[in-house]
Amino acid sequence: MKRKYVSSCQGFSLQPFQRLCSTESPASLICNDAHLRLYRRLFDHVVSCHVIFTNFRFCLGHCWCTFVLAPTMWNWKLMVTVVLACLPAFHVTGLDNGLALKPPMGWLSWERFRCETDCKKHPDTCISEKLYITMADKMVSDGYKDAGYTYVHIDDCWAAPVRDADGNLQADPTRFPNGIKPIADYLHERGLKLGIYTDIGYSTCQKLPGTEFYMKQDAETFARWGVDLVKTDGCNAALNEMDISYPVFGFYLNQTGRPMVYCCSWAAAQVVHGVMPNYTSVRQHCNIWRNYLDVQDSWTSVLGIIDFYGDNKGDFASFSGPGGFSDPDQVPGSISVWLKPLSVKGSYAIAVLNKDDQGKPDPIQLSLGDIGLTNTNGYNLTDVFANARLGYFKPDSPLELDVDPTSILLIKAVPL
1020 MKRKYVSSCQ GFSLQPFQRL CSTESPASLI CNDAHLRLYR RLFDHVVSCH
1070 VIFTNFRFCL GHCWCTFVLA PTMWNWKLMV TVVLACLPAF HVTGLDNGLA
1120 LKPPMGWLSW ERFRCETDCK KHPDTCISEK LYITMADKMV SDGYKDAGYT
1170 YVHIDDCWAA PVRDADGNLQ ADPTRFPNGI KPIADYLHER GLKLGIYTDI
1220 GYSTCQKLPG TEFYMKQDAE TFARWGVDLV KTDGCNAALN EMDISYPVFG
1270 FYLNQTGRPM VYCCSWAAAQ VVHGVMPNYT SVRQHCNIWR NYLDVQDSWT
1320 SVLGIIDFYG DNKGDFASFS GPGGFSDPDQ VPGSISVWLK PLSVKGSYAI
1370 AVLNKDDQGK PDPIQLSLGD IGLTNTNGYN LTDVFANARL GYFKPDSPLE
1420 LDVDPTSILL IKAVPL
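Residue numbers for the sequence shown follow the numbering used here, so the first one is 1020 and each next one is one higher.
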């Protein structure tokens, strides 16, 4: 294919040059794949170069054919420069969404349920419509919604392995037979909000379709489904392009007109690979941003995240505030309290479990009223394993306990 140089826009036809954006026959391309990825990511043109031309025309305000039809390496570099110069016009209002004035709170499936997709073997714990409906019901019935935990977040592994015939993301048809929108509707009817997961790269961390090349389309899909928060991971994406790709996707989310909290892994992906993020830009374009590794079910993981924030506190404090917050990931609790009625009327067994696996005993302070024991005359408490009387406590009396790592206290409460 000969290179063609056109100095005038008169008599110009797009047809001979639409191949520049096609990936079906890469051997015939003048520009290399890196160029295509950048242009397609920036302006989300999947079928032809027409959107690039239109945006160049919009940005420059004069004849633009010479940039496109003189595809020497010099001109491709010039084209990149022009694209980057145009970009601020598209993302200047990317985050202006009025959301996350306080840190969003809710439940996220990843840490506990990961990418379990075998619903035949694990019907109650696989990533499926059933799991998120169940968790929504529990958040309402157990009081989490009333306490401010309003987001139910679908993480990775919800999507089908391929997009549909029109290039749209689609949920796995077996595990989400009704799609995502009915889940959003179910949550909204109960005063909850839906979060969903995607990746700024060509695939998610679990190798499902990513948002690269489909930013505008995916933003519109999420809006159409009624999504309220979009977590955008940073796997399988070029680190040196994130300073462009994350703001562009934020722009498209905002353009939908639907309020969607924008949660970015932009900074985290760069930090763990030794790249210093531009936190000013991250704060400008994201409502929430991850800074470090995922929290895991271990004290080593939690301590590592604490140490990272302690060592770098100057990087975060000045950027967090209404509308944008640094996100240290989920908060796994090591202490859990279990309550069960006994056969003697009004008596209860209280189990206090410390799931930590190392360190000194964890102190815990609670009141009986906090866990639902409301007899105004109070209760006599006994440590069952030690066969030791703990004393008399009213519902509002403070109860202080020390629980060894990996240990459990079993307390019997008998009403007076």
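No residue lacks a Cβ here, since even glycine has one placed at the ideal position from N, Cα and C.
Computed from a predicted model, the values in this text were never measured in an experiment.
Give the straight-line distance between the Cα atoms of residue 1427 and residue 1393, rounded to the nearest whole angstrom. One-based indexing of the sequence shown puts residue 1427 at position 408. One-based indexing of the sequence shown puts residue 1393 at position 374. The straight-line gap from Cα to Cα measures roughly 23 Å.
Take every Cβ of the stretch 1157-1171, pair it with every Cβ of the stretch 1197-1211, and state whether three or more of those distances are shorter than 8 Å. Judged by Cβ distances under 8 Å, the stretch 1157-1171 makes contact with the stretch 1197-1211, as three or more pairs qualify.
Does residue 1237 have its Cβ less than 8 Å from a Cβ in chain B? Of the chains in the structure shown, none is chain B; there is only one protein chain.
Could you tell me the distance, in whole angstroms, from the CA atom of residue 1205 to the CA atom of residue 1152? Numbered from its first residue, the sequence shown carries residue 1205 at position 186. Numbered from its first residue, the sequence shown carries residue 1152 at position 133. When rounded, the distance between both Cα atoms is 8 Å.
Closest to residue 1305 by C-alpha separation, out of 1232, 1291, 1283, 1299, would be which residue? As a first step, residue 1305 must be located in the sequence shown, where it is residue number 286. When only C-alpha atoms are compared, the closest one is 1283.
I need the straight-line Cα distance from residue 1343 to residue 1180, nearest angstrom please. Against the sequence shown, residue 1343 aligns to sequence position 324. Against the sequence shown, residue 1180 aligns to sequence position 161. One C-alpha to the other measures close to 32 Å.
Rounded to a whole number of angstroms, what is the C-alpha to C-alpha distance between residue 1429 and residue 1404? Taking the sequence shown and counting its residues from 1, one reaches residue 1429 at position 410. Taking the sequence shown and counting its residues from 1, one reaches residue 1404 at position 385. The straight-line gap from Cα to Cα measures roughly 7 Å.
To the nearest angstrom, how far is it from the Cα of residue 1373 to the Cα of residue 1422? Taking the sequence shown and counting its residues from 1, the one referred to as residue 1373 is at position 354. Taking the sequence shown and counting its residues from 1, the one referred to as residue 1422 is at position 403. Residue 1373 and residue 1422: Cα-Cα distance of roughly 6 Å.
Starting from residue 1125, follow the beta strand (DSSP E) in both directions and report where the run begins and ends. As a working mapping, residue 1125 is identified with position 106 in the sequence shown. Residue 1125 -> beta strand (DSSP E) spans 1125-1127.
Every unbroken beta strand (DSSP E) within the stretch 1166-1239, with a cutoff of 3 residues, ordered by chain: 1170-1172, 1212-1218
Which of the three DSSP states, helix, strand or coil, is assigned to residue 1144? Walking along the sequence shown from the start, residue 1144 turns up at place 125. Coil.
In three-state DSSP terms, what is residue 1255? Residue numbering aside, residue 1255 sits at position 236 when the sequence shown is read from its first letter. Three-state result, residue 1255: coil.
According to DSSP, what are the bridge partners of residue 1160? Mapped onto the sequence shown, residue 1160 falls at position 141. Paired residue(s): none; residue 1160 is not in a bridge.
What three-state label does DSSP hand residue 1092 in the structure shown? Mapped onto the sequence shown, residue 1092 falls at position 73. Caution applies to residue 1092, whose pLDDT of 33 falls short of 50 and renders its modelled position unreliable; the value that the coordinates give is listed next. Of the three classes helix, strand and coil, the one that applies to residue 1092 here is helix, per DSSP.
Going by DSSP, name the residue or residues bridged to residue 1398. Residue mapping note: residue 1398 aligns to position 379 of the sequence shown, counting from 1. Looking at the DSSP assignment, residue 1398 forms a beta bridge with 1412, 1434.
Buried or exposed by the 16-neighbour rule on C-beta atoms within 10 Å, applied to residue 1252: Position 233 of the sequence shown holds residue 1252. Label assigned to residue 1252: buried.
With residue 1262 as the anchor, note down where its alpha helix (DSSP H) starts and where it stops. Here the question's residue 1262 lines up with position 243 in the sequence shown. 1261-1274 is the span of the alpha helix (DSSP H), which, as asked, contains residue 1262.
Quick one, are the C-beta atoms of residue 1341 and residue 1386 less than 8 Å apart? Here the question's residue 1341 lines up with position 322 in the sequence shown. Here the question's residue 1386 lines up with position 367 in the sequence shown. No, they are not a contact pair.
From the DSSP secondary-structure annotation, give me the bridge partner or partners of residue 1298. Numbered from its first residue, the sequence shown carries residue 1298 at position 279. Looking at the DSSP assignment, residue 1298 forms no beta bridge with any residue, so it has no partner.
Closer than 6 Å by C-beta to residue 1301: which residues in its own chain qualify, once you throw out the five before and the five after it? Chain order, please. Within the sequence shown, the letter at position 282 stands for residue 1301. For residue 1301, same chain residues with a beta-carbon under 6 Å away, outside a window of 5 residues either side, are 1285, 1286, 1308 in chain order.
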